[in-house]
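Every letter in the sequence shown is one number past the one before it in the UniProt record's numbering, and letter 101, counting from 1, is 101. These notes concern the structure reproduced below.
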Amino acid sequence: MSRKEKDSWEKVDLKEKQITGCLKEASIFRDVPEKQLAELAGACFSFFIKRGGYIYRRDRDVPYMVIIYSGCALVYIGFEGTEEMLVKIRRRGDYIGEMGVLGNQPQPCNVIAQEDTIAVLIPKLAFCEFLKKNHNVVSALFQDLIGRINQSSRKLINTIYMEADGKLAYSIARLMVSAQKCEEGMYITVSQKNLAMASGLSRQSVARVLTHWKQENWIMTRRNKIIILNQDAILNTIVLNEMK
(Lines of atoms letter the chains of each structure in order from A and count residues from 1; the text may use other names and numbers.)
(Lines give C-alpha, C1' and ligand atoms only; values in the text may rest on other atoms or scores of the structure.)
Protein backbone atom coordinates (compact mmCIF):
# COMPACT_ATOMS: atom_id res chain seq x y z
CA MET A 1 0.00 0.00 0.00
CA SER A 2 1.40 3.38 -1.04
CA ARG A 3 1.70 6.36 1.30
CA LYS A 4 -1.19 8.06 -0.50
CA GLU A 5 -3.38 5.00 0.02
CA LYS A 6 -2.39 4.80 3.69
CA ASP A 7 -3.42 8.44 4.09
CA SER A 8 -6.97 7.51 3.01
CA TRP A 9 -7.18 4.84 5.74
CA GLU A 10 -7.63 5.44 9.46
CA LYS A 11 -7.98 2.75 12.12
CA VAL A 12 -11.23 2.88 14.10
CA ASP A 13 -12.03 1.01 17.29
CA LEU A 14 -15.37 -0.70 16.82
CA LYS A 15 -16.57 -2.76 19.75
CA GLU A 16 -16.64 -6.53 19.34
CA LYS A 17 -20.44 -6.46 19.59
CA GLN A 18 -20.63 -3.94 16.74
CA ILE A 19 -18.41 -6.08 14.51
CA THR A 20 -20.39 -9.21 15.39
CA GLY A 21 -23.61 -7.45 14.39
CA CYS A 22 -22.10 -6.48 11.05
CA LEU A 23 -20.83 -10.01 10.37
CA LYS A 24 -24.27 -11.39 11.14
CA GLU A 25 -25.73 -9.30 8.31
CA ALA A 26 -23.41 -10.89 5.74
CA SER A 27 -25.27 -13.58 3.79
CA ILE A 28 -22.53 -16.19 4.33
CA PHE A 29 -22.67 -15.82 8.13
CA ARG A 30 -26.43 -15.75 8.71
CA ASP A 31 -26.62 -19.36 9.94
CA VAL A 32 -23.56 -19.11 12.20
CA PRO A 33 -24.21 -19.00 15.98
CA GLU A 34 -23.52 -15.58 17.48
CA LYS A 35 -20.95 -17.02 19.89
CA GLN A 36 -18.78 -18.23 17.00
CA LEU A 37 -19.20 -14.94 15.16
CA ALA A 38 -18.06 -13.12 18.29
CA GLU A 39 -14.88 -15.22 18.28
CA LEU A 40 -14.24 -14.27 14.66
CA ALA A 41 -15.00 -10.63 15.44
CA GLY A 42 -12.22 -10.72 18.03
CA ALA A 43 -9.70 -11.36 15.25
CA CYS A 44 -10.98 -8.54 13.02
CA PHE A 45 -9.76 -5.00 12.47
CA SER A 46 -11.78 -1.98 11.37
CA PHE A 47 -10.74 0.99 9.26
CA PHE A 48 -12.26 4.23 8.02
CA ILE A 49 -11.57 4.79 4.31
CA LYS A 50 -12.04 8.25 2.83
CA ARG A 51 -14.25 8.73 -0.21
CA GLY A 52 -12.22 7.80 -3.29
CA GLY A 53 -9.77 5.64 -1.33
CA TYR A 54 -8.86 2.16 -2.54
CA ILE A 55 -10.04 -0.78 -0.45
CA TYR A 56 -8.41 -3.24 -2.87
CA ARG A 57 -6.15 -2.76 -5.86
CA ARG A 58 -6.27 -5.19 -8.75
CA ASP A 59 -3.39 -7.67 -9.11
CA ARG A 60 -2.13 -7.15 -5.56
CA ASP A 61 -1.92 -9.79 -2.86
CA VAL A 62 -4.07 -8.68 0.07
CA PRO A 63 -4.25 -10.98 3.10
CA TYR A 64 -7.73 -10.03 4.28
CA MET A 65 -11.40 -10.20 3.40
CA VAL A 66 -13.67 -7.18 3.87
CA ILE A 67 -17.19 -6.73 5.23
CA ILE A 68 -18.69 -3.27 4.72
CA TYR A 69 -19.74 -1.82 8.09
CA SER A 70 -21.01 1.51 6.74
CA GLY A 71 -20.76 3.53 3.57
CA CYS A 72 -20.55 2.24 0.01
CA ALA A 73 -17.86 0.61 -2.16
CA LEU A 74 -17.72 0.20 -5.94
CA VAL A 75 -16.20 -2.93 -7.47
CA TYR A 76 -14.57 -2.56 -10.89
CA ILE A 77 -13.16 -5.29 -13.07
CA GLY A 78 -11.01 -4.94 -16.16
CA PHE A 79 -8.37 -6.76 -18.12
CA GLU A 80 -5.14 -5.57 -19.64
CA GLY A 81 -5.85 -3.21 -22.51
CA THR A 82 -9.56 -2.82 -21.68
CA GLU A 83 -11.54 -0.15 -19.86
CA GLU A 84 -12.72 -1.05 -16.37
CA MET A 85 -16.37 -1.93 -15.85
CA LEU A 86 -18.44 -1.36 -12.72
CA VAL A 87 -19.75 -4.78 -11.70
CA LYS A 88 -20.98 -4.40 -8.12
CA ILE A 89 -21.98 -1.88 -5.48
CA ARG A 90 -21.34 -3.03 -1.93
CA ARG A 91 -23.03 -1.68 1.22
CA ARG A 92 -23.40 -2.68 4.87
CA GLY A 93 -23.15 -6.42 5.38
CA ASP A 94 -21.77 -7.11 1.91
CA TYR A 95 -18.47 -8.95 1.65
CA ILE A 96 -15.55 -8.48 -0.76
CA GLY A 97 -12.26 -10.26 -1.36
CA GLU A 98 -13.17 -13.86 -0.59
CA MET A 99 -11.81 -15.17 -3.91
CA GLY A 100 -8.39 -13.65 -3.37
CA VAL A 101 -8.22 -15.02 0.17
CA LEU A 102 -9.40 -18.55 -0.61
CA GLY A 103 -7.70 -18.94 -3.97
CA ASN A 104 -4.30 -17.58 -2.97
CA GLN A 105 -4.58 -15.34 -6.02
CA PRO A 106 -4.00 -11.60 -6.50
CA GLN A 107 -7.09 -9.45 -6.06
CA PRO A 108 -8.96 -9.50 -9.43
CA CYS A 109 -10.79 -6.18 -8.94
CA ASN A 110 -10.30 -2.57 -7.97
CA VAL A 111 -12.56 -1.66 -5.06
CA ILE A 112 -13.02 2.04 -4.28
CA ALA A 113 -14.96 3.80 -1.52
CA GLN A 114 -17.84 5.63 -3.24
CA GLU A 115 -18.37 7.56 -0.01
CA ASP A 116 -16.68 7.66 3.39
CA THR A 117 -16.70 4.00 4.42
CA ILE A 118 -15.92 1.87 7.46
CA ALA A 119 -14.66 -1.62 6.57
CA VAL A 120 -14.23 -4.65 8.81
CA LEU A 121 -11.12 -6.62 7.82
CA ILE A 122 -11.01 -10.38 8.46
CA PRO A 123 -7.40 -11.63 8.31
CA LYS A 124 -6.85 -14.49 5.86
CA LEU A 125 -5.61 -16.95 8.49
CA ALA A 126 -8.51 -16.22 10.85
CA PHE A 127 -11.06 -16.65 8.03
CA CYS A 128 -9.55 -19.93 6.81
CA GLU A 129 -9.49 -21.35 10.35
CA PHE A 130 -13.10 -20.24 10.81
CA LEU A 131 -14.14 -22.12 7.64
CA LYS A 132 -12.65 -25.37 8.97
CA LYS A 133 -15.11 -25.24 11.87
CA ASN A 134 -18.09 -23.88 9.91
CA HIS A 135 -18.74 -25.90 6.78
CA ASN A 136 -22.11 -24.19 6.28
CA VAL A 137 -20.21 -20.99 5.46
CA VAL A 138 -18.31 -22.86 2.73
CA SER A 139 -21.66 -24.00 1.32
CA ALA A 140 -22.98 -20.43 1.41
CA LEU A 141 -19.88 -19.20 -0.43
CA PHE A 142 -20.43 -21.80 -3.16
CA GLN A 143 -24.09 -20.83 -3.51
CA ASP A 144 -23.16 -17.17 -3.88
CA LEU A 145 -20.48 -18.07 -6.42
CA ILE A 146 -22.94 -20.11 -8.50
CA GLY A 147 -25.38 -17.19 -8.41
CA ARG A 148 -22.69 -14.80 -9.62
CA ILE A 149 -21.68 -17.12 -12.46
CA ASN A 150 -25.30 -17.41 -13.61
CA GLN A 151 -25.73 -13.65 -13.38
CA SER A 152 -22.55 -13.08 -15.38
CA SER A 153 -23.83 -15.41 -18.09
CA ARG A 154 -27.12 -13.52 -18.29
CA LYS A 155 -25.28 -10.20 -18.41
CA LEU A 156 -23.05 -11.41 -21.25
CA ILE A 157 -26.08 -12.46 -23.30
CA ASN A 158 -27.85 -9.18 -22.56
CA THR A 159 -24.77 -7.16 -23.49
CA ILE A 160 -24.62 -8.87 -26.88
CA TYR A 161 -28.28 -8.72 -27.89
CA MET A 162 -29.96 -5.84 -26.03
CA GLU A 163 -30.36 -2.32 -27.35
CA ALA A 164 -29.09 0.67 -25.37
CA ASP A 165 -32.24 1.17 -23.28
CA GLY A 166 -32.34 -2.54 -22.40
CA LYS A 167 -28.68 -2.62 -21.38
CA LEU A 168 -29.13 0.44 -19.18
CA ALA A 169 -32.36 -0.89 -17.66
CA TYR A 170 -30.61 -4.18 -16.88
CA SER A 171 -27.72 -2.40 -15.14
CA ILE A 172 -30.09 -0.21 -13.12
CA ALA A 173 -32.20 -3.23 -12.16
CA ARG A 174 -29.08 -4.90 -10.74
CA LEU A 175 -28.28 -1.76 -8.74
CA MET A 176 -31.82 -1.59 -7.36
CA VAL A 177 -30.82 -4.36 -4.95
CA SER A 178 -28.77 -1.71 -3.12
CA ALA A 179 -31.37 1.07 -3.51
CA GLN A 180 -32.06 3.45 -0.64
CA LYS A 181 -35.51 4.74 0.34
CA CYS A 182 -36.45 8.37 -0.24
CA GLU A 183 -39.59 10.51 -0.27
CA GLU A 184 -40.26 9.79 -3.94
CA GLY A 185 -39.71 6.04 -3.55
CA MET A 186 -36.12 4.84 -3.84
CA TYR A 187 -32.83 5.93 -5.35
CA ILE A 188 -29.50 4.46 -6.39
CA THR A 189 -26.17 6.24 -5.95
CA VAL A 190 -24.24 6.02 -9.21
CA SER A 191 -22.73 8.45 -11.71
CA GLN A 192 -23.50 8.44 -15.42
CA LYS A 193 -19.86 7.51 -16.04
CA ASN A 194 -20.21 4.41 -13.85
CA LEU A 195 -23.54 3.53 -15.46
CA ALA A 196 -21.86 3.69 -18.85
CA MET A 197 -19.09 1.38 -17.63
CA ALA A 198 -21.60 -1.05 -16.12
CA SER A 199 -23.73 -1.13 -19.27
CA GLY A 200 -21.02 -1.17 -21.91
CA LEU A 201 -22.43 2.05 -23.38
CA SER A 202 -21.01 5.47 -24.15
CA ARG A 203 -21.80 8.30 -21.73
CA GLN A 204 -23.71 10.01 -24.54
CA SER A 205 -25.95 6.95 -24.96
CA VAL A 206 -26.60 6.79 -21.22
CA ALA A 207 -27.48 10.50 -21.13
CA ARG A 208 -29.85 10.08 -24.09
CA VAL A 209 -31.73 7.15 -22.52
CA LEU A 210 -31.93 8.83 -19.10
CA THR A 211 -33.29 12.02 -20.70
CA HIS A 212 -36.01 9.98 -22.41
CA TRP A 213 -36.89 8.23 -19.14
CA LYS A 214 -37.11 11.57 -17.35
CA GLN A 215 -39.51 12.83 -20.01
CA GLU A 216 -41.60 9.70 -19.46
CA ASN A 217 -41.50 10.38 -15.69
CA TRP A 218 -39.81 7.04 -14.96
CA ILE A 219 -36.89 8.61 -13.12
CA MET A 220 -35.50 11.81 -11.66
CA THR A 221 -31.80 12.61 -11.50
CA ARG A 222 -29.70 14.36 -8.91
CA ARG A 223 -25.93 14.62 -8.63
CA ASN A 224 -24.68 11.00 -8.74
CA LYS A 225 -28.20 9.77 -7.91
CA ILE A 226 -31.07 8.29 -9.89
CA ILE A 227 -34.49 8.36 -8.24
CA ILE A 228 -36.69 5.51 -9.45
CA LEU A 229 -40.28 6.69 -10.00
CA ASN A 230 -41.57 3.83 -12.16
CA GLN A 231 -39.75 0.59 -11.42
CA ASP A 232 -42.19 -1.50 -13.48
CA ALA A 233 -41.51 0.54 -16.62
CA ILE A 234 -37.76 0.01 -16.29
CA LEU A 235 -38.17 -3.73 -15.71
CA ASN A 236 -40.60 -3.95 -18.63
CA THR A 237 -37.91 -2.41 -20.85
CA ILE A 238 -35.75 -5.45 -20.11
CA VAL A 239 -38.58 -7.84 -20.95
CA LEU A 240 -39.34 -6.07 -24.25
CA ASN A 241 -35.65 -6.20 -25.24
CA GLU A 242 -35.46 -9.91 -24.45
CA MET A 243 -38.50 -10.54 -26.68
CA LYS A 244 -36.90 -8.89 -29.73
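The beta carbon of each residue, even a glycine, is placed where N, CA and C say it ideally should be.
- In this structure, the CA atom of I219 is about 13 angstroms from the CA atom of D165.
- Between the C-alpha atoms of G71 and I118 there is a straight-line separation of about 6 angstroms.
- Listed as beta-bridge partners of P106 by DSSP are no residues whatsoever.
- Annotated three-state conformation of W9 is strand, per DSSP.
- Taking K124 as reference, the option from K11, V75, F45 with the minimal CA-CA separation is F45.
- Under the 10 Å beta carbon count, D94 is surrounded by 16 or more other beta carbons and is classified as buried.
- A distance below 8 angstroms separates the beta carbons of I226 and V190.
- Judged by DSSP secondary structure, R222 falls within the beta strand (DSSP E) whose first and last residues are 219-222.
- Rounded to the nearest angstrom, the gap between the Cα atoms of S139 and K214 is 43 angstroms.
- The beta carbon of N230 is closer than 6 angstroms to those of W218 in its chain, skipping five residues each way along the sequence.
- Between H135 and the set E25, S8, V32, the nearest pair of CA atoms involves V32.
- Spatial neighbours of D61 in its own chain (CB-CB distance under 6 angstroms, excluding positions within 5 residues in sequence) are listed in chain order as P106.
- Distance from the CA of G52 to the CA of I68, rounded to the nearest whole angstrom, comes to 15 angstroms.
- When DSSP reads this structure, Y161 sits in no beta bridge, so it has no partner.
- Under the 10 Å beta carbon count, G100 is surrounded by 16 or more other beta carbons and is classified as buried.
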